[in-house]
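Only one structure is covered here, and it is reproduced in the block below.
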Amino acid sequence: MGSTNSTLLKIPNVEVLMQETGFSPAHIIRLHDRFKALDKEGRGHLCPHDFGAIKELAMNPIGDRIIGAFFSPGKETVDFHTFVKILAHFRPVDKDRPKEPNSPEPINSRSNKLKFAFQLYDQDKDGKISRDELLQVLRAMLGMQVTDEQLESIADRTIQEADLDRDDTISFEEFRKACKHKRFTMFRFCIRPGERKLMLTLCHWSSELQDQHEL
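In my numbering, the protein residues as written are 117 to 331.
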């Protein structure tokens, strides 16, 4: 217990961090240990190349996109608080957690999970998924399993089904609506592999931290 409290005291604003992310003290400590293990030079932050030590990310076909999601546009480093907040997206939705009046939306809410998944596709950060961006993810995920013609057909059908305003792109709102309706089978096919791979990668990487149900 003494060691636990000592470690927590070294983390600035740790109470706020636990409140924002829903992680337990034990999980915060173990994530802190992992962060320090990745930060081999003791700089207090991580760079993109530090994530290469996570073999599941290195082997993931969209690993570079997952790593990129940890970094704000124009920034090449990520501190511990941001690191934990990104990982909090992978926790199950807290259905039984009481919501305080005027409190911000939980990081692991369904909406925030979808926003996180959306940005893995929207690489130019223009708020829309273009056909080319969709094709890039499909090629990364499916590789040699299908032909280029099949990939293009999947992309075209996905855009056709999800693009409600007919601007040949998928906005976040269209993305959100498509994920709610089972009739968008092709779109869900395109989205789910990336989302599932993302979940499995980070859940597997952090499964040693604590009971995996926390993620």
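Heads up, the beta-carbon is just placed ideally off N, CA and C, and yes, glycines get one too.
Assumed close pair residue i, residue j - CB separation to whole angstroms, cut-off 8 Å
| i | j | result |
| --- | --- | --- |
| K245 | I286 | The sequence shown places Ile at residue 245, rather than the Lys named in the question. Confirmed, about 4 Å. |
| F232 | H197 | Contact flag wrong, Cβ pair sits at about 17 Å. |
| A336 | A271 | Nothing about residue 336 can be reported from this structure: the residues present for the chain run from 117 to 331 only. |
| L124 | V132 | The Cβ separation is near 12 Å, so there is no contact. |
Spatial distance of residue i from residue j (CA atoms)
| i | j | result |
| --- | --- | --- |
| P309 | Q135 | Low local confidence applies: a pLDDT of 42 at P309 is under 50, so the model's placement there is unreliable, and no value is given. |
| V262 | A256 | 11 Å |
| V194 | L162 | 5 Å |
| V200 | K126 | 15 Å |
| D242 | F288 | 10 Å |
| N224 | S140 | 14 Å |
| M260 | T137 | 38 Å |
| L156 | M175 | At residue 156 the sequence reads Lys, which differs from the Leu that was named. Their Cα atoms are separated by approximately 21 Å. |
| L173 | H165 | 11 Å |
| P128 | R292 | 35 Å |
| R207 | R247 | 30 Å |
| P222 | D281 | 30 Å |
| G160 | K152 | 8 Å |
| K211 | A142 | 21 Å |
| L267 | S122 | 53 Å |
| G158 | S219 | 34 Å |
| G168 | G190 | 20 Å |
| S188 | E290 | 24 Å |
| E265 | A185 | 30 Å |
Residue i and residue j closer than 9 Å at C-beta
| i | j | result |
| --- | --- | --- |
| L250 | T274 | yes |
| L154 | I170 | yes |
| L203 | L147 | yes |
| V253 | R226 | no |
Three-pair Cβ contact test at 8 Å for the stretch 228-240 versus the stretch 180-193 | yes
4-residue-minimum alpha helix (DSSP H) runs that sit fully inside the stretch 262-291, ordered along the chain
264-278
Which ranges does the alpha helix (DSSP H) cover as unbroken runs of at least 4 residues, wholly within the stretch 220-260, from first to last along the chain?
226-237 and 247-258
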